[in-house]
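Protein chains: 2
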Amino acid sequence: MARKKAYLEEEVIEKAMLLFWRKGYESTSMQMLEQEMGINKFSIYSSFGSKHGVFLESLKSYKKKVNGIFEKFKNSTNGVEGIKEFFYESINICHQDGNQKGCLISNTYNEFSETEDELVKGEMTSFMDNLKTLLIAKLSMDGTKDEKTIMKQANFLLLAKHGLATASRVNSPQEIEDYIEITFKNL
Amino acid sequence: MARKKAYLEEEVIEKAMLLFWRKGYESTSMQMLEQEMGINKFSIYSSFGSKHGVFLESLKSYKKKVNGIFEKFKNSTNGVEGIKEFFYESINICHQDGNQKGCLISNTYNEFSETEDELVKGEMTSFMDNLKTLLIAKLSMDGTKDEKTIMKQANFLLLAKHGLATASRVNSPQEIEDYIEITFKNL
DNA sequence: TCAATAACTAAACGATTGTTTAGTTATTTT
DNA sequence: AAAATAACTAAACAATCGTTTAGTTATTGA
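In order, the protein sequence lines correspond to chains A and F.
Following the working numbering, the numbering of the first sequence begins with 1 at its first residue and continues without gaps.
Following the working numbering, the numbering of the second sequence begins with 188 at its first residue and continues without gaps.
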C-alpha cells in the first residue's frame, strides 16, 4: 500500500484527553492539540475528522480510564461501604498527578449543559443513568430499606458524586474528606 | 456639556449578566452582548473598558441580586434551620424563570478554576470564604456542637452548596429536593 | 525499480474573536 | 445661534478560531 502512520491513534488521544481534562473543550484550541498530541492538524483531521471528533474519542479514552474502578464498584457486595470506596477511588483519579482538574465527565457535563450538543449530552446522561441504577442496586443490598428511601438516597448520592467531582477542582482535600465522611454517616 | 447617554449602565449590565449567567464567559461574544444589551460595541467599551470589565460588573450585579437572601441568612437566628432556608432560597434563584442555569458564582468558579484570572478567582474565593464563616457562625448557635464537629459540618455544607448550585443546571427538581432533605438529616 | 498510495509539511482558507478608530449626530453652554 | 463636546454608527483592525488544500516525502506491492 503506502506509508505507515508515525503515531498510534490510541496514544495521541490519551494526550488529547489529558489536555481536554485540564482545559475543557472550548478553551482547548487545535493549535494546543497539535502541540500536545505531537502530530499536526492534517493528521488530527485525517484520524478524527474534527475537533469534536477528537473530543468524543477523548471521552471514550477517559471512560476506559475509570472503567476499572467502575467495574470494581459493579462487583462489590458490601452495599453502602462499596459506594463509599467507589467515591474515594473516584476522587483519587480527580487528584491524580497532584492536579486538581476534577472529573472529565462532570466537567463536560457542566460545560455542555447549556449547549445544543445532544451527542455529548447524551453520553453524559447515559453515564449518570448507569450510575444511578448501580447506586440503587447497592443501596438495596442489605434488604433493610424500603423503596422510597432507596430512591431518595440514590438521588442524594448521585448529586453528591457530581458535586464532589466538580468541587474537587477547587476545594481542599480536608473539605472533601469532611464532605464524604458526613455524607455517608446516615445511610 | 454634551449629548446624554441613551442607556443606563445599571440596566444594560443587568442584561449582560443574564446572558453570562446563561452562556458562561467564554461562550458569550461581544456580538451577543451588543444584541442583548441593546447598545453597540463602542458604547460597551466606553462604559466598561473590555469584555472582562463587563463580566466583572455583571458579577457585581449578580451579587446584588443574591444579596437579599444573603442578608436574611446573615440575620437568621434559628441555626441549622436558617441554613436550610438559605439553601432553598438559593436554589429558587437558580431555577428562576423556569431556567436551569445554576448559580452564576458557582458557574464562574467552575469555568475559571483552571485559568490564570486571579481577579475573578479572587472574587469567587472571597465569596466562598464569607459563606464558610457564616456557616460556622450558624452551626455554633445552639451551643451543643464541639469545634471539630462544627468545622467538619461547615466544610460539608460549603461543598454541598456549591455542588447543589452546579447540579441545579442538570439535575431534576426531585433529585435536588431529595438531596437537600438528606443533607440536613445528617447534621 | 517504479508506479501507486497514504502520511506528511506548511500555507492559506473564510469566519469569528475582542478591540479600535474615523466620521456623524445630538445635546449643552456661552 | 454657534462653538464645544460627548455619544452615537459603522467599518476595519489584527489575531485567532476550526478547517481545508496543494505539494512533498516515505513506504508499499508488483
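Even glycine gets a Cβ: it sits at the ideal position worked out from N, Cα and C.
Residue i: contacting residues in chain F (beta-carbon distance under 9 angstroms)
i, result
"A/Leu164", "Leu346, Gly350"
Neighbour-count burial assignment, residue i, 16 or more Cβ in a 10 Å radius
i, result
"F/Ala193", "exposed"
"F/Phe235", "buried"
"A/Asp146", "exposed"
"F/Asp365", "buried"
"F/Asn265", "exposed"
"A/Glu118", "exposed"
"A/Thr166", "buried"
"F/Thr370", "buried"
"F/Glu362", "buried"
"F/Leu195", "exposed"
8 angstroms contact criterion, which residue i and residue j should meet: CB distance rounded
i, j, result
"A/Met17", "A/Ser61", "4 angstroms"
"F/Ser355", "F/Ile278", "6 angstroms"
"A/Lys101", "A/Phe112", "Incorrect: roughly 17 angstroms between the Cβ atoms, too far for contact."
"A/Asn107", "A/Gly24", "6 angstroms"
"A/His152", "F/Glu368", "It should be noted that the sequence gives Lys, not His, for residue 152 of chain A. The pair is a contact, with the Cβ atoms about 7 angstroms apart (cut-off 8 angstroms)."
"A/Glu14", "A/Leu59", "12 angstroms between Cβ atoms; not a contact."
"F/Leu374", "A/Gly163", "So it is not a contact: roughly 17 angstroms between Cβ atoms."
"F/Glu301", "A/Arg22", "6 angstroms"
"A/Gly82", "A/Phe73", "6 angstroms"
Listed by chain order, chain F residues near residue i by CB distance under 7 angstroms
i, result
"A/Ser188", "Within the shown structure, residues of chain A are numbered from 1 to 187, placing residue 188 of chain A beyond reach of any answer."
Residue i and residue j closer than 7 angstroms at C-beta
i, j, result
"F/Ala341", "F/Leu326", "yes"
"A/Tyr45", "F/Val357", "no"
"F/Leu243", "F/Glu223", "no"
Contact set between residue i and chain A, taken where Cβ atoms lie within less than 9 angstroms
i, result
"F/Asn342", "Asn171, Ser172, Gln174, Glu175, Ile176, Glu177, Asp178, Tyr179, Ile182"
Under 7 angstroms from the C-beta of residue i: neighbouring residues of chain A
i, result
"F/Glu213", "Glu26, Ser27"
"F/Arg209", "Glu114"
Neighbouring residues, chain A, relative to residue i (Cβ below 8 angstroms)
i, result
"F/Glu288", "According to the sequence shown, residue 288 of chain F is Lys rather than Glu. Those are Glu114, listed as they occur along chain A."
"F/Asn373", "Ile182, Thr183, Lys185, Asn186"
Contact list for residue i against chain F, beta-carbon separation under 8 angstroms
i, result
"A/Tyr109", "Val357"
"A/Lys152", "Asp365, Glu368, Ile369"
"A/Asn92", "By Cβ distance, chain F contributes nothing, its closest Cβ being about 17 angstroms from A/Asn92, past 8 angstroms."
Note to self: Count Cβ pairs between the segment 333-347 of chain F and the segment 126-136 of chain A that sit closer than 8 angstroms; are there 3 or more?
What the structure shows: no
Check: How about the segment 223-231 of chain F and the segment 267-278 of chain F: do they share at least three Cβ pairs that are nearer than 8 angstroms?
Finding: no
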